[in-house]
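Participant: Going down the list, the sequences are from chains A and B. Residue numbering for the first sequence follows my numbering, beginning at 49 and increasing consecutively. Residue numbering for the second sequence follows my numbering, beginning at 805 and increasing consecutively. Ideal placement from N, C-alpha and C gives every residue a C-beta, glycine not left out. Everything numeric in this text was worked out from a predicted model, so none of it was measured.
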Amino acid sequence: AQSVSQHNHHVILSEAASLELGCNYSYGGTVNLFWYVQYPGQHLQLLLKYFSGDPLVKGIKGFEAEFIKSKFSFNLRKPSVQWSDTAEYFCAVGNTGGFKTIFGAGTRLFVKA
Amino acid sequence: DVKVTQSSRYLVKRTGEKVFLECVQDMDHENMFWYRQDPGLGLRLIYFSYDVKMKEKGDIPEGYSVSREKKERFSLILESASTNQTSMYLCASSPTRGYNSPLHFGNGTRLTVT
Numbered sequence: 049a050q051s052v053s054q055h056n057h058h059v060i061l062s063e064a065a066s067l068e069l070g071c072n073y074s075y076g077g078t079v080n081l082f083w084y085v086q087y088p089g090q091h092l093q094l095l096l097k098y099f100s101g102d103p104l105v106k107g108i109k110g111f112e113a114e115f116i117k118s119k120f121s122f123n124l125r126k127p128s129v130q131w132s133d134t135a136e137y138f139c140a141v142g143n144t145g146g147f148k149t150i151f152g153a154g155t156r157l158f159v160k161a
Numbered sequence: 805d806v807k808v809t810q811s812s813r814y815l816v817k818r819t820g821e822k823v824f825l826e827c828v829q830d831m832d833h834e835n836m837f838w839y840r841q842d843p844g845l846g847l848r849l850i851y852f853s854y855d856v857k858m859k860e861k862g863d864i865p866e867g868y869s870v871s872r873e874k875k876e877r878f879s880l881i882l883e884s885a886s887t888n889q890t891s892m893y894l895c896a897s898s899p900t901r902g903y904n905s906p907l908h909f910g911n912g913t914r915l916t917v918t
């Protein structure tokens, strides 16, 4: 069955710490990969996406993610987090040419000032 | 900027009531989606539509139906609301039929069924 697994449900970091959120997926065929973010009180918005090409993709606000096909992983990283990065982060996967996007359970990140 | 508007931010309904959740997008997107968001479960797809009057079941369609009479509007219907349908409901849209493009989300409707 198609699924997306996020390794951590809750992460607490101090400002300036480095961040890595794990995401693994189980999906047949060619995939499109996404990270979405939901800031407190706001709607879900796209952080970054991978469709093809360079497996290291850069998104907004200094985030990046690396697609490792052999590991079925798409981990999100940021070298130095800020208090304003406090949010819930969702990894999502869709099949190329399709409609369905499947989401992971989400990771709540809290950054201490 | 794409705007996806959900008609209600909060709703409280009684068990057995018929409930309508409305969603409108203003960017002429072809695809529209309804998800429900529950803590620890992420987002789960209820239904989607890739064209007017077309609908497809998602992963958890039981107890729900949808209607898309106009391109910009996609309605979610709970035929007989139950307490296990208490949740946050998210509407989303995306352009380009047949291509898995990023989703644009509304602010959500928090539905409580008592």
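In chain order, which beta strand (DSSP E) runs of at least 3 residues are fully inside the stretch 100-141 of chain A?
Facilitator: Counting whole runs of 3 or more residues, the stretch 100-141 of chain A contains the beta strand (DSSP E) stretches 104-106, 112-116, 121-126.
Participant: Going by the CB atoms, is the gap between B/V917 and B/K817 shorter than 8 Å?
Facilitator: One-based indexing of the second sequence puts residue 817 of chain B at position 13. One-based indexing of the second sequence puts residue 917 of chain B at position 113. Yes.
Participant: According to DSSP, is A/T144 part of a helix, a strand, or is it coil?
Facilitator: The residue labelled residue 144 of chain A in the question sits at position 96 within the first sequence. A/T144: coil per DSSP, three-state reduction.
Participant: Closer than 7 Å, Cβ to any Cβ of chain B: which residues of the stretch 125-157 of chain A, in chain order?
Facilitator: Listed by position along the chain: F138, G142, N143, T144, G145, G146, F147, K148, T149, F151, G152, A153, G154.
Participant: DSSP on A/Q86, reduced to helix/strand/coil?
Facilitator: Here residue 86 of chain A corresponds to residue number 38 of the first sequence, with the count starting at 1. Strand at A/Q86.
Participant: Leaving out the 5 sequence neighbours to the left and right, which residues in its chain are closer than 7 Å to B/N911 when beta-carbon positions are compared?
Facilitator: By 1-based counting over the second sequence, the position of residue 911 of chain B is 107. If we look at B/N911 and ignore the five residues flanking it on each side, its Cβ neighbours are Q810, R813.
Participant: Could you tell me whether the Cβ of A/F120 comes closer than 8 Å to any Cβ of chain B?
Facilitator: Within the first sequence, residue 120 of chain A is the residue found at index 72, counting from 1. Chain B, which has no Cβ nearer than 8 Å to the Cβ of A/F120, makes this no.
Participant: A/H57 touches chain B at which residues, Cβ-Cβ below 8 Å?
Facilitator: Within the first sequence, the letter at position 9 stands for residue 57 of chain A. The answer, in chain order, is G844.
Participant: Quick check: the stretch 135-142 of chain A against the stretch 74-92 of chain A, are at least 3 beta-carbon pairs closer than 8 Å?
Facilitator: The stretch 74-92 of chain A, when compared against the stretch 135-142 of chain A, does touch it at the 8 Å Cβ threshold.
Participant: So what does A/S74 bridge to, in DSSP terms?
Facilitator: As a working mapping, residue 74 of chain A is identified with position 26 in the first sequence. BP columns for A/S74 point to A/S51.
Participant: Taking 8 Å as the cut-off, does the stretch 859-876 of chain B touch the stretch 825-838 of chain B (at least 3 CB pairs, one atom from each stretch)?
Facilitator: Yes, the stretch 825-838 of chain B touches the stretch 859-876 of chain B.
Participant: Any beta-carbon of chain B closer than 8 Å to the one on A/N72?
Facilitator: Within the first sequence, residue 72 of chain A is the residue found at index 24, counting from 1. By this cut-off, A/N72 is not an interface position.
Participant: Mind checking if A/L94 is an interface residue toward chain B, Cβ cutoff 8 Å exclusive?
Facilitator: Counted from its first residue, the first sequence places residue 94 of chain A at position 46. Yes - at least one Cβ of chain B is within 8 Å of the one on A/L94.
Participant: Out of curiosity, what's the CA-to-CA distance linking A/T155 and A/A49?
Facilitator: Locating residue 155 of chain A in the first sequence gives position 107, where the first residue counts as 1. Locating residue 49 of chain A in the first sequence gives position 1, where the first residue counts as 1. Their backbone Cα atoms lie some 22 Å apart in a straight line.
Participant: Please return the same chain residues whose Cβ sits closer than 6 Å to the Cβ of A/I150, not counting the five positions on each side in sequence.
Facilitator: Numbered from 1 along the first sequence, position 102 holds the residue referred to as residue 150 of chain A. These residues qualify, in order along the chain: Q50, V52, V141.
Participant: Short of 6 Å in beta carbon distance, which residues of its chain neighbour B/V870, apart from the five on each side in sequence? Order them along the chain.
Facilitator: The sequence position of residue 870 of chain B within the second sequence is 66, counting from 1. Closer than 6 Å at the Cβ level, and outside the excluded window around B/V870, lie Y851, K859, L880.
Participant: What residue does the beta strand (DSSP E) around A/L94 start on, and which one ends it?
Facilitator: As a working note, residue 94 of chain A is residue 46 in the first sequence. Unbroken beta strand (DSSP E) run through A/L94: 93-98.
Participant: List in chain order: all unbroken beta strand (DSSP E) runs of 3+ residues lying wholly within the stretch 862-906 of chain B.
Facilitator: If we require 3 residues or more, the beta strand (DSSP E) runs fully inside the stretch 862-906 of chain B come out as 868-874, 877-882, 891-898.
Participant: Considering only DSSP beta bridges, list what B/G846 is partnered with.
Facilitator: Looking up residue 846 of chain B in the second sequence gives position 42. DSSP output for B/G846 lists B/D842 as bridge partner(s).
Participant: Check B/E854 in the structure and name its three-state DSSP category.
Facilitator: Along the second sequence, read from residue 1 onward, the residue named residue 854 of chain B stands at position 50. Rather than Glu, the amino acid found at residue 854 of chain B in this sequence is Tyr. Coil at B/Y854, not helix or strand.
Participant: The beta strand (DSSP E) with B/T819 in it runs from where to where?
Facilitator: Sequence index remark: in the second sequence, residue 819 of chain B carries index 15 (1-based). Here B/T819 belongs to no beta strand (DSSP E), and DSSP marks it neither H nor E.
Participant: If you reduce the DSSP assignment to three classes, tell me which class B/T918 lands in.
Facilitator: The sequence position of residue 918 of chain B within the second sequence is 114, counting from 1. It is coil, neither helix nor strand.
Participant: Can at least three beta-carbon pairs, one atom from the stretch 57-76 of chain A and one from the stretch 118-132 of chain A, be found at a separation below 8 Å?
Facilitator: Short answer: they touch.
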